[in-house]
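Note that the sequence shown covers residues 19 to 300 in our numbering. Don't be surprised by glycine CBs; every beta carbon is placed ideally from N, CA and C. Scroll down for the structure; my scribbles are underneath it.
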Amino acid sequence: MKNKIGIMCGRLSISPNKRIQEFPVNSWQNEFEYARNIGFESIEWIFDLHENPLMHDIGIKEIIEYSRNFSVMVNSVCADYFMEKKLFGVSKFTLEENIDTLLNLIRRCNKCGIRILELPFVDTSSLRNVSDRKQILKNLEPVLKIASENDVILALETDLPPVQFQELLTKFNHPKIMANYDVGNSTANCFDVAEELVTLKDWIINIHVKDRLRNGGTVPLGIGNTNFETFFSTLNKINYSGDLIVQGAREDLTGNEISPVQTCRKYFEFVKQYVHKYLEMK
19 MKNKIGIMCG RLSISPNKRI QEFPVNSWQN EFEYARNIGF ESIEWIFDLH
69 ENPLMHDIGI KEIIEYSRNF SVMVNSVCAD YFMEKKLFGV SKFTLEENID
119 TLLNLIRRCN KCGIRILELP FVDTSSLRNV SDRKQILKNL EPVLKIASEN
169 DVILALETDL PPVQFQELLT KFNHPKIMAN YDVGNSTANC FDVAEELVTL
219 KDWIINIHVK DRLRNGGTVP LGIGNTNFET FFSTLNKINY SGDLIVQGAR
269 EDLTGNEISP VQTCRKYFEF VKQYVHKYLE MK
């Protein structure tokens with residue numbers, strides 16, 4: 019299968035709030051054409067605290083139409099919403115509210131034909147101890163029935179060391195629980211990328227491509243500490259066939275006169291060279 023190079027929703031738009039990642043409320047429609055013109059084949063949707071067309075029937079119809087018209091798929095959703103509205107470590111009442119939102123989102127993904135719903139457990143929502151991981155196992159258990167009924171995979175993204183992450187996924191032992199892998203975050207956490215990919219290969223369903231410094235932040239692709247040669251050559255070895263979602267640093271927030279589209283075009287070419295070298299069928 020061909021790996022599709024995708025772009026994170028919002029990266030092709032000017033950020034009105036100067037944030038690296040947020041749903042582009044007023045410009046999401048334009049991103050389909052921008053993505054198509056650059057060569058991206060997919061957009062990973064963002065679901066955060068902003069008003070979102072994914073949560074309305076009319077909005078879903080519009081998303082499907084733009085996707086079809088510009089031949090740019092929406093295969094996955096990054097649910098940043100749950101980094102603030104957490105699925106563990108909250109009161110029973112708050113948890114019930116947040117689980118209800120998750121269940122609704124799963125059903126909306128099904129209506130929109132979206133197969134992967136990513137739940138990020140990093141930064142403010144990091145699973146820092148055994149208690150956190152036990153809560154997630156318990157709290158997501160009733161969600162899995164709805165995920166199965168709607169044919170939606172919950173892809174967990176964590177900053178756990180690979181063996182601990184593997185243990186968590188094994189304890190779930192459910193076909194609708196998989197992993198989202200972020201190579202930049204792996205670099206920042208000083209993990210061995212090749213070891214991590216091999217350890218998690220049976221669960222990785224979606225990948226974020228970004229560059230970070232060891233123990234540091236996100237930087238433009240190619241200037242950080244991520245070893246992209248090792249990363250892409252290992253993807254070849256584990257036969258990864260899913261999307262590669264570009265989630266690179268926003269150069270327009272650093273004082274440079276570089277537009278989001280210019281940055282994304284540069285990132286597309288950067289990733290494409292490695293895809294051509296390691297992943298394309300010869």
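Item: Inter-residue spacing [alpha-carbon to alpha-carbon] between Glu159 and Lys152; Value: 11 Å
Item: Whether Asn224 touches Gly260 by CB criterion (7 Å); Value: yes
Item: Helix, strand or coil at Trp46 [DSSP, three-state]; Value: helix
Item: Leu30 versus Leu187, Pro42, Asn21, Gly202, residue with shortest Cα-Cα distance; Value: Pro42
Item: Own chain partners of Asn245 with C-beta closer than 7 Å, once the 5 adjacent residues on each side are dropped; Value: Val211
Item: Own chain partners of Asn233 with C-beta closer than 7 Å, once the 5 adjacent residues on each side are dropped; Value: Ala206, Cys208
Item: 7 Å Cβ shell around Ile256 - same chain, five flanking residues per side excluded; Value: Leu215, Val216, Lys219
Item: Residue range of the unbroken alpha helix (DSSP H) whose run includes Leu113; Value: 110-130
Item: Cβ pair count under 8 Å reaching 3, the region 133-142 against the region 71-79; Value: no
Item: Counted within 10 angstroms of its Cβ, other Cβ atoms place Ile76 as buried (16 or more) or exposed; Value: exposed
Item: C-beta contact flag for His226 and Ile263 at 7 Å; Value: yes
Item: Beta-carbon spacing of Glu175, Asn191 below 7 Å; Value: no
Item: Integer Cβ distance of Gly28 from Ile64, believed to fall under 8 Å; Value: 6 Å
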